[in-house]
């Protein structure tokens with residue numbers, strides 16, 4: 160009597176294994192644990208979603224000529240050089256930590272840092288509400304959405320896809336619509352011609368500050 164193909168046999172269709180949530184509740188083996196992006200990953204992701212991240216390797220920094228240094232113990236070198244390159248090429252000073260990387264638990268350039276701190280503090284939330292760098296990225300995203308799609312739904316779908324890397328759900332679209340209408344009312348004192356861009360930039364900030372954007376599942 161011929162045997163049925165192994166792949167369709169009743170024996171194979173039976174399963175005596177426990178669900179992953181039961182057999183591996185701490186997700187030590189079945190999946191990666193959810194984690195927050197590192198400081199470098201946050202910065203690079205903010206630039207990547209706007210298409211501004213410069214992937215060309217860095218080749219030095221614009222330090223002043225040596226004859227103009229004049230640094231002292233109480234007046235040390237303290238400049239920060241803005242760049243659109245990956246965070247690995249951002250200049251790090253030992254005497255004063257870069258404000259962004261210090262805020263999001265970047266490595267201490269003065270010491271070996273085998274394990275980084277993982278803090279959740281109010282100043283991190285305030286960064287996403289107020290920092291000019293974040294506002295510039297959100298404004299860039301808003302302009303891209305308004306140029307790439309027409310209509311509220313299409314633009315919200317475009318932004319969610321761009322920032323989250325997935326299709327927008329119905330709940331996403333409902334929340335976007337409510338937020339945009341509320342924001343338009345709140346900024347009624349602004350010129351009418353600027354309100355759409357302001358509202359979309361604010362919505363982009365919401366997405367960029369979301370746990371979904373800032374964590375890897």
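Numbering (the numbering used here), first residue to last: 160 to 376.
Glycine residues also receive a C-beta, built at the ideal position from the N, C-alpha and C atoms.
Nothing here was measured: the structure is a model prediction, and the numbers come from that model.
Please state if the CB of residue j and the CB of residue i are separated by a distance shorter than 8 Å.
i	j	result
residue 342	residue 315	no
residue 296	residue 209	yes
residue 359	residue 305	yes
residue 327	residue 320	yes
residue 372	residue 303	no
residue 250	residue 268	no
residue 235	residue 254	yes
residue 195	residue 277	yes
residue 217	residue 188	no
residue 356	residue 301	yes
Could you give the residue range of the alpha helix (DSSP H) that holds residue i?
i	result
residue 326	Taken as a continuous stretch (DSSP letters only), residue 326 belongs to no alpha helix (DSSP H), as it is neither H nor E.
residue 379	Nothing in the structure corresponds to residue 379, since the chain is present only between 160 and 376.
residue 184	Here residue 184 belongs to no alpha helix (DSSP H), and DSSP marks it neither H nor E.
residue 359	354-367
residue 248	Where residue 248 is concerned, there is no enclosing alpha helix (DSSP H), given that its DSSP letter is neither H nor E.
residue 259	258-262
residue 203	198-208
residue 271	From DSSP, residue 271 is part of no alpha helix (DSSP H); its letter is neither H nor E.
residue 285	281-289
Which of the three DSSP states, helix, strand or coil, is assigned to residue i?
i	result
residue 314	helix
residue 233	coil
residue 374	strand
residue 296	helix
residue 194	strand
residue 331	helix
residue 239	coil
residue 341	helix
My understanding is that residue i touches residue j, with C-beta atoms under 8 Å, so please give their C-beta distance in whole angstroms.
i	j	result
residue 198	residue 263	4 Å
residue 332	residue 363	No, residue 332 and residue 363 are not in contact; Cβ-Cβ is about 15 Å, not under 8 Å.
residue 261	residue 275	About 12 Å; that fails the 8 Å criterion.
Cβ contact check for the segment 210-220 and the segment 243-258: 3 or more pairs under 8 Å: With three or more CB-CB distances shorter than 8 Å, the segment 210-220 counts as touching the segment 243-258.
Quick one: any contact between the segment 307-314 and the segment 322-340, if contact means 3 or more CB pairs under 8 Å? yes
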